[in-house]
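Everything below concerns the one structure shown next.
Residue numbers (our numbering): 14 to 145.
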């Protein structure tokens with residue numbers, strides 16, 4: 014299985030979905046690297062729906078999402094508007110987490126809109142943290 018985000022068919026002008034990892038102890042080892050894969054379908058030109066974020070002050074609660082400090086992580090992604098590229102998982106490339114310490118959470122945040130034609134399907138899979 015994988016996590017799917019989509020605003021399609023909701024009729025809503027704003028859809029935000031969060032997928033947040035369990036707590037990760039970044040002090041237990043050195044050189045952590047995050048990788049994951051994404052695939053998309055029915056992309057909308059100019060719509061970049063996915064943010065990948067890290068927080069070291071999130072308390073693990075739904076209410077805490079809004080009060081935590083979230084920092085963007087840079088990753089490779091391309092939402093090509095070409096049917097031949099749809100439904101193909103591609104790698105994020107390595108994302109270095111070694112500059113962070115303490116307990117961290119990784120969040121995948123999807124933002125879309127069914128009414129503004131920003132409703133592509135986006136799937137996230139094979140989320141891994143490894144040590145370099």
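All C-beta atoms, glycine included, are put in the ideal place defined by N, C-alpha and C.
For residue i and residue j, what's the separation of their Cα atoms in angstroms?
i           : j           : result
residue 135 : residue 115 : 30 Å
residue 89  : residue 102 : 12 Å
residue 66  : residue 140 : 13 Å
residue 137 : residue 104 : 10 Å
residue 35  : residue 73  : 8 Å
residue 129 : residue 80  : 28 Å
residue 123 : residue 18  : 7 Å
residue 14  : residue 20  : 19 Å
What residue does the beta strand (DSSP E) around residue i start on, and which one ends it?
i           : result
residue 124 : 116-125
residue 137 : 134-144
residue 42  : Element bounds for residue 42: n/a, residue is neither H nor E.
residue 30  : 28-33
residue 18  : 16-18
Which partner residues does residue i have in the DSSP bridge list?
i           : result
residue 65  : 121
residue 109 : 46
residue 52  : 136
residue 104 : 50
If you follow the alpha helix (DSSP H) that residue i is part of, which residue opens it and which one closes it?
i          : result
residue 78 : 77-80
With a Cβ-Cβ cutoff of 9 Å, do residue i and residue j count as a contact?
i           : j           : result
residue 100 : residue 33  : no
residue 142 : residue 78  : no
residue 45  : residue 110 : yes
residue 117 : residue 68  : yes
residue 133 : residue 92  : yes
residue 113 : residue 27  : no
residue 61  : residue 144 : no
How many whole angstroms separate the CB atoms of residue i and residue j, which I take to be in contact at a CB cut-off of 8 Å?
i           : j          : result
residue 131 : residue 57 : 5 Å
residue 119 : residue 47 : 6 Å
residue 127 : residue 59 : The Cβ separation is near 16 Å, so there is no contact.
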